[in-house]
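Beneath this line is the structure, given in C-alpha cells, with notes to follow.
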Amino acid sequence: MTTLADAWAWLTDPAHWAGDDGIGHRLLQHLVLTVGCLVISCLIALPVALVLGHLGKGGALAVNISNAGRAVPTFAVLVLLLLTPVGGWGEGPAVVALVLFAVPPLLTNAYVGMREVDRGVVRAARGMGMAGRQMLFHVELPLSLPMVLNGVRIAAVQLVATATIAALAGGGGLGRIITAGFNLASTPQVVAGAILVAVFALIVEGLFALAERLAPVRTRGSR
Amino acid sequence: MPPNDCLARNEWICGAYLTSRRQILLDAVGQHLRLTAVSVLIGLAIAVPLAVLARRRRWSAGPVLGVTTILYSIPSLAMFSLLLPLYGLSATLVVAGLVLYSLTLLVRNILAGLRAVPDETRQAARGMGYGPIRLLLTVELPLALPAAMAGLRIATVSAVSLVTVGAIVGFGGLGNLIYAGMNTYFKAQVLTASVLCVVIAVAADLLLLGAQRLLTPWTRAAWS
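So the protein lines, in turn, are chains F and V.
Per my numbering, numbering through the first sequence is continuous, rising by one, with the last residue being 1166.
Per my numbering, numbering through the second sequence is continuous, rising by one, with the last residue being 210.
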C-alpha cells in the first residue's frame, strides 16, 4: 500500500510533469508514436489486405504473417534495428519496429473479414453489373468493416505495448519513465510509469470498444 | 597484435562467438525455457478451472473474460513494473507477469472449446448416467482439447517472445544477452540470441502441434 501511495505522490508532483523527461512530454511522445505508426501501418496494410481479399489471393501469407509476428520478440527486433544504420535516425528503430508489429494483425483481420463476406451477396452484386471497384467499396468493405476495425483495435493495443518496450532500446515515450525508474532503483517511479502506461493502454482499448458500440448497427459484428 | 577475427570486427554472424560463449548461451536458453515452461504450466493450472467455472456458472463468464482481457491489454513492460513492489527483482516477477498473459489466451480458447461441445453429446452422456465430474473429465474436456491446444500454442509462443522483456529485471533468458549486447553494441550476441528466441518459439509450437495430434487421434481423419 505504501508503494501505491509513493507512486501517487510521484505522479502528482508537478516537478515530474515538466521538462523533456517530464510526464507531459513523454505522454505526447507516446501518443504521437502510436497514432503516427497506426496511420502508417493502416496505409500499408489495409490496401494490400483489401485488394488481396477482393481477389481472393495470397490468403496463406495474410493469415500466417500474424503467427510469424507473434514468434519474433519485439525487444529483439528493436535492438537489432538499433544496431543497424536505422539506429542512427533518432526514433527510427521504434517507428520501424512499431509498424512491423502493427501490420500483421491489420493484414490478417482485414483479409479474413473480406473473405468472410457472404459469397451470395458478392455474386448478387456482380449480377447487378457492379464493377470490381464498386463491389469492393460498396459491398465487401462495408460488410467486412467489423473485422477490419477489430484488426485496427488489436494493432493499436500492440502499438502501445511496443512503444513502451521501445524505451528499453533508447526510444522515447512513457516507457522511459519506467526504465529511468529502474536505473534510479526508484520503485515509486517504476510503478508510477507503469500505471501511466496501463491507463494509456486501457483508454485506447476503451475508445475502440466505445467506437464499436457507437458504430451503425449494420457494421456491428452479428456473430 | 590484436586478433582479427569476426569478434574483433563485430560482425553479425560469427562462429567464434558460438564456440567461445557456448556456456553463456546454454545457460540463457535454459533460463528462457524454464521461465516459459513454468509460466505456461501455472497459467494452464489456473485457466482450466476458470474456464470450467465460466462455462458452468453463466454469470461468471462476463467478469472472467473481462478481467483477463484487461490484463492482456496492459503492455508487458508495465505489467512487470506493476509487479515490482510485490516480487522485487526476481524470476518470480517475470513468471507472474507471463502467467497473467497466458491466462487470457488459455481461458478464452478453453471456454470456446467447452462451449463448442454439442448439446446432444452432453445429453447423451447424461442419459448414460454420467455425473457432472465424469461428464467434464471424460466428455467435455477431451472434446475441448483441440481448441485448448490452439490456445496453448499461442500462449507458449507469446511467452517465449515476452520472456525477453524480463531482461529489465535481469531474468529475461536470452533477453539478458540481447540487453547486454545492446549496451555494448555486440552484434553477434544480439543476432544469435534473437534467432535462438525464434527457434525456441517455432520448436515449442511444433512440439505442441505433435502432442495435439497424439492426444486427439479422432481429429486426424479430418485432416488427411
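Where is the CB? At the ideal position from N, CA and C, for every residue including glycine.
When F:A1135, F:L971, F:G1001 and F:A1144 are compared, the shortest CA-CA separation from F:A1098 is found for F:A1144. Within chain V, the C-beta atoms nearer than 8 angstroms to that of F:G1136 come from A64 and S67, in chain order.
By the Cβ rule, the region 1083 to 1097 of chain F counts as touching the region 1037 to 1055 of chain F, because three or more pairs are nearer than 8 angstroms. Around the beta carbon of V:M114, fewer than 16 other beta carbons sit within 10 angstroms, so the residue counts as exposed. For F:G1114, not one C-beta of chain V is nearer than 9 angstroms to its own C-beta. F:G1124 places its beta carbon 9 angstroms or farther from that of V:S62.
Between F:L1026 and V:Y171, the gap from beta carbon to beta carbon is short of 9 angstroms.
Linking V:S46 to F:G1113 through their CA atoms gives a straight-line distance of about 42 angstroms. Taking 9 angstroms as the upper bound on Cβ-Cβ separation, chain F lies near residues V146, S147, L148, V149, T150, V151, A153, I154, V155, G158 and L160 of the region 146 to 160 of chain V. With a minimum length of 4 residues, the unbroken runs of alpha helix (DSSP H) contained wholly in the region 1046 to 1078 of chain F fall at 1062 to 1070 and 1075 to 1078. The criterion of a C-beta distance shorter than 9 angstroms is satisfied by V:V143 and F:N1010. Note on geometry: alpha-carbon atoms of V:Y165 and F:A1106 lie some 17 angstroms from one another. Any Cβ of chain F closer than 9 angstroms to the Cβ of V:I10 would place that residue at the interface, and such an atom is absent. At a C-beta separation below 7 angstroms, F:P1048 has no neighbours in chain V, since its nearest C-beta there lies roughly 13 angstroms away. For the options V:G161, V:L51, V:V15 and V:L148, the alpha carbon positioned closest to that of V:L89 is the one of V:L51.
With 16 or more other CB atoms across the displayed protein chains lying within 10 angstroms of its CB, F:M1057 is buried. By the CB criterion at 9 angstroms, F:L1117 and F:L1139 fall inside the cutoff. Apart from the 5 residues on each side of it in sequence, V:V85 sits with its Cβ closer than 6 angstroms to the Cβ of S25, I28 and G29 in its chain, given in chain order. Taking a cut-off of 8 angstroms on C-beta distances, the region 13 to 24 of chain V touches the region 173 to 193 of chain V, as three or more cross pairs fall below it.
The DSSP assignment places complete alpha helix (DSSP H) segments of no fewer than 4 residues inside the region 41 to 90 of chain V at 47 to 59, 62 to 68 and 70 to 73, in order along the chain. Per DSSP, the unbroken alpha helix (DSSP H) holding V:K173 starts and ends at K173 to L201. Contact annotation: the region -10 to 7 of chain V does not touch the region 1126 to 1142 of chain F, with fewer than three C-beta pairs closer than 8 angstroms. The beta carbon of V:Y3 lies closer than 7 angstroms to those of L(-7), A174, Q175 and T178 in the same chain, with the five residues before and after it left out.
Flagged as an interface residue toward chain F: V:G167, by a C-beta distance shorter than 9 angstroms.
Ranked by how close their Cα comes to the Cα of V:R139, the residues V:V93, V:A40, V:A111 and V:P71 have V:V93 in first place.
With a threshold of 9 angstroms between beta carbons, V:Y73 makes no contact with chain F.
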